[in-house]
Structure formats: C-alpha cells, structure tokens
Amino acid sequence: MVQRLAVLLLLTVYITSTLSFSSQHTTITMTTIDKSKSLTQADYKAKLTSKSKIDATDVATLPKPATTAPSNIKFLGGNDKLAYLLPPDALSMTRQLYVLDTKTGEKTQIKVGGVSKEEGKFSLEEQMRRERLRLMATGVTSYELSKEDKDGKVIGLIPNGGGVYIWDTTSTNDPQLLVDSTHTNLEEGTTILDAKISSDGSTVAFVSNEEVYVMPVEGGSPTQITSGARDVEGRTNGVADYLAMEELSRPEGYWLSPNGSLLAFEQVDEAHIPSYRLVHQAAPGGLAPSLVSNMSSKDMVEATKVTHEEHRFCFAGE
C-alpha cells in the first residue's frame with residue numbers, strides 16, 4: 342500500500358509539474374513502448390498521445406519535475422541582460438542558451454553551432470562525467486563567462502556538439518567555433534572535456550585524451566601542457582578522481598589562474614586499484630535473448646553476448 346501510494350504521489354507531482362509549463366490542461370499519456378531498443382527522450386516525446394495512461398517507467402524517463410526550469414542564470418556585465426539555459430518546452434531534456442533583456446523583456450536564443458549529442462551517443466568519458474555530475478540534460482548544458490573588461494566586454498565559452506565555441510556577449514554575432522576534435526593538434530575523434538575560460542577572457546583550457554591543453558581565445562593551435570598520462574594504464578591528468586566527483590562533489594581536475602598564465606592540475610594514478618566489470622543486464626535483449634532454430638554457433642554467441650564496461654573501483658578494504 343505504501344509503495345502504491347508513493348507511485349501515485351510521484352505521478353501526481355509529475356503531471357502537475359508538466360502541465361504548469363503547458364498552455365493546455367490535458368492529461369499526458371503514453372503509448373506502448375518498443376522495448377527492443379533503447380529509447381531517447383526524443384523517442385518518448387514523439388510517442389506522447391492522449392489515449393493511454395502514463396506509468397512509473399515513463400515518469401522515470403521523461404523530464405523530472407522542476408528539471409525544466411531556467412538554470413545557470415548569470416548577468417552579462419552590468420545589470421541589463423541575463424543569460425540562462427532552458428529547454429524549448431516542458432517535455433524536452435535538450436537545453437538551449439537564451440539571453441533576456443531585463444529592460445524590454447525580450448528573449449533571444451543564442452544559436453550555437455555543432456550537432457548536439459543525444460542519449461546513447463556520448464563517449465565513455467562523457468558518460469562517466471555526466472553520471473558523476475548527475476547530468477540528464479542534453480544540448481547546451483553549460484557555459485562560462487569571463488570577467489567584464491574595462492570596455493564592458495564579456496567573453497563566453499560554450500561547449501556543444503563535441504566542440505568549444507567562443508561568444509562575444511556584446512556582439513549580435515553567433516558564437517564562433519574555437520576548437521573541436523578535428524583539429525590537427527588533437528587525436529581525431531577525441532573527446533573534449535571540461536573546457537574553461539580564464540577570468541580575463543584570454544585563455545581557454547580543456548582535457549583531451551588524458552592530457553590538458555590550452556589555447557588563446559583569439560584562436561590558433563591548442564598546446565598540450567601536461568604529459569605522462571596518455572597510454573599509461575590507470576593514470577589521468579586534469580580529470581577529478583572518482584572519489585572527488587562521486588563522494589566530495591568536486592568535478593574539477595584542473596584550475597586556471599585569472600590571467601591564464603598558470604594552471605594547477607590533478608594527476609590521478611589508480612593502477613593499483615583492481616578493475617570491476619559492470620554488466621549491462623538491462624540492455625536491449627536482456628541476459629537471455631531468444632534463440633531461433635537453425636541458428637549458427639556464431640550467431641548464437643552474438644545473440645547471447647551482453648555488453649559490459651570495466652572500471653577501477655575502490656571498494657572498502659581494497
């Protein structure tokens with residue numbers, strides 16, 4: 342009875358929260374879901390109808406109550422404009438960057454280039470970082486601002502679609518791509534993590550392929566400034582260790598000085614920690630998928646193969 346009541350309360354809170362962002366007071370319902378593949382937020386949204394009931398699985402998958410409100414609200418120099426992140430509607434987890442003119446009330450979307458990644462498309466590094474940050478949103482999920490200079494100029498840094506974009510907040514121009522994984526100084530297809538901009542707006546830093554890079558905001562080539570971690574089992578530079586992120590709520594693994602001339606970073610060596618295998622038991626197909634007659638031995642092996650990942654996990658006593 343207690344469990345049923347809890348589910349009913351959760352469903353009530355969810356529906357109320359969702360309708361508060363909607364102009365029409367209609368009941369949100371869900372059609373039957375195809376369980377043969379992993380569905381993204383976009384898939385669930387496309388299946389919303391008014392003919393079937395919403396269940397606990399839908400509540401856990403769709404945006405949770407209060408997660409569709411504006412976030413990362415910052416003033417853009419002075420007090421005239423506010424920047425913030427917001428989904429395009431109450432049923433989306435994809436956030437976009439907006440600027441609000443506090444004098445006129447005009448809202449403008451800042452159009453950032455790149456193709457935003459959906460769930461299931463992130464690299465393992467990104468997945469782990471998103472998990473530790475408890476980050477469910479997609480699209481533009483963060484941005485940074487420099488301090489206002491003597492001319493009132495504020496420079497913004499926006500990671501999106503695997504690239505890093507620079508935004509002159511005093512200009513009407515769209516943010517410009519500074520660097521992405523196609524740059525000749527980076528390994529092709531590598532993930533750019535935790536991009537930061539110095540307070541004076543002169544320098545950008547980020548982590549790529551276990552090492553830290555810096556480059557000027559004006560453009561040019563990224564320079565690798567740490568070494569000794571790449572291709573070394575169990576070692577990273579500039580990435581917060583598991584305990585710092587998961588238990589101490591410290592996601593940063595490096596810190597830029599205000600003028601970008603110095604950088605402090607964390608080097609983690611966890612080679613002595615045994616690896617632990619995580620089996621994706623809830624993956625499409627499950628642990629015991631159906632086999633069909635006349636299936637070859639090779640097909641049987643593939644059909645019963647379950648995806649997994651391995652991580653060094655610091656169990657108590659180890």
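Numbering-wise, my numbering comes out as the position in the sequence shown, counting from 1, plus 341. Where a beta carbon is used, it is the ideal one built from N, C-alpha and C, also for glycine.
Check	Outcome
Are there 16 or more other CB atoms within 10 angstroms of the CB of N501, so buried, or fewer, so exposed?	buried
If I measure Cβ to Cβ from L518 and keep anything under 7 Å in the same chain, skipping five residues before and after, which residues do I get?	G454, G504, Y506
Quick check on the burial criterion: 16 or more other C-beta atoms within 10 angstroms. Buried or exposed for D582?	buried
Mind checking which residues open and close the alpha helix (DSSP H) that includes S638?	638-644
Just to confirm, are T443 and K422 a CB contact at a threshold of 8 Å?	yes
Which of the three DSSP states is assigned to R571 in this structure?	coil
Taking the alpha helix (DSSP H) that Y506 belongs to, which residues open and close that run?	Premise fails: Y506 lies in the beta strand (DSSP E), 504-509, not in any alpha helix (DSSP H).
Take the Cβ of N574 as the centre, count every other Cβ of all protein chains shown within 10 Å, and call the residue buried at 16 or more, exposed below.	According to the sequence shown, residue 574 is Glu rather than Asn. Under this definition E574 is an exposed residue.
What residue ranges within the region 538-608 form continuous alpha helix (DSSP H) runs of no fewer than 4 residues, ordered along the chain?	583-587
Skipping 5 residues on each side, what residues in its chain have a beta carbon closer than 6 Å to that of E651?	S616, R618
Ends of the alpha helix (DSSP H) at E467?	465-473
Helix, strand or coil for T398? Go by DSSP, reduced to three states.	helix
With C-beta atoms as the reference, is G601 less than 8 Å away from D515?	no
Would you call the region 635-642 and the region 603-613 touching, i.e. three or more CB-CB distances under 8 Å?	no
Taking DSSP's pairing of strands, which residues face P500 in a bridge?	V505
I think V544 touches Y554, with their Cβ atoms under 8 Å apart; what is that distance to the nearest whole Å?	Checking the sequence, you will find Thr at residue 544 rather than Val. That belief does not hold up - the Cβ atoms of T544 and Y554 are roughly 11 Å apart, past 8 Å.
With DSSP as the reference, identify every bridge partner of K415, one or two as the case may be.	A424
Could you check whether E489 and V495 sit closer than 8 Å to each other, using their CB atoms as the reference points?	yes
For L534, tell me which candidate among F463, P599, V558 has the shortest Cα-Cα distance.	F463
Measure the beta-carbon distance from N550 to E528 and round it to whole angstroms, keeping in mind my assumption that it falls under 8 Å.	5 Å
Counting along the chain, where does the beta strand (DSSP E) carrying K448 start and finish?	448-451
Please state the DSSP three-state secondary structure of Y484.	coil
Please classify T435: does DSSP put it in a helix, a strand, or coil?	strand
Near N420, what residues of its chain come up, given a Cβ to Cβ distance below 8 Å and the 5 sequence neighbours on each side ignored?	T443
Helix or strand or just coil, what does DSSP make of I533?	strand
Would you kindly report the start and end of the unbroken beta strand (DSSP E) that includes H649?	649-653
If you drop the 5 nearest sequence neighbours on each side, which residues of the same chain put their C-beta closer than 6 Å to that of F656?	none
In or out: I414 buried (at least 16 other Cβ within 10 Å) or exposed?	exposed
Pull the bridge partners of Q517 from the DSSP assignment, please.	I507
If you draw a straight line from the C-alpha of V343 to the C-alpha of H621, how long is it?	For V343, the pLDDT reaches just 41, beneath the cut-off of 50, and the residue's location in the model is therefore unreliable, although a value from the coordinates is still provided. Rounded to whole angstroms, V343 to H621 spans 30 Å at the Cα level.
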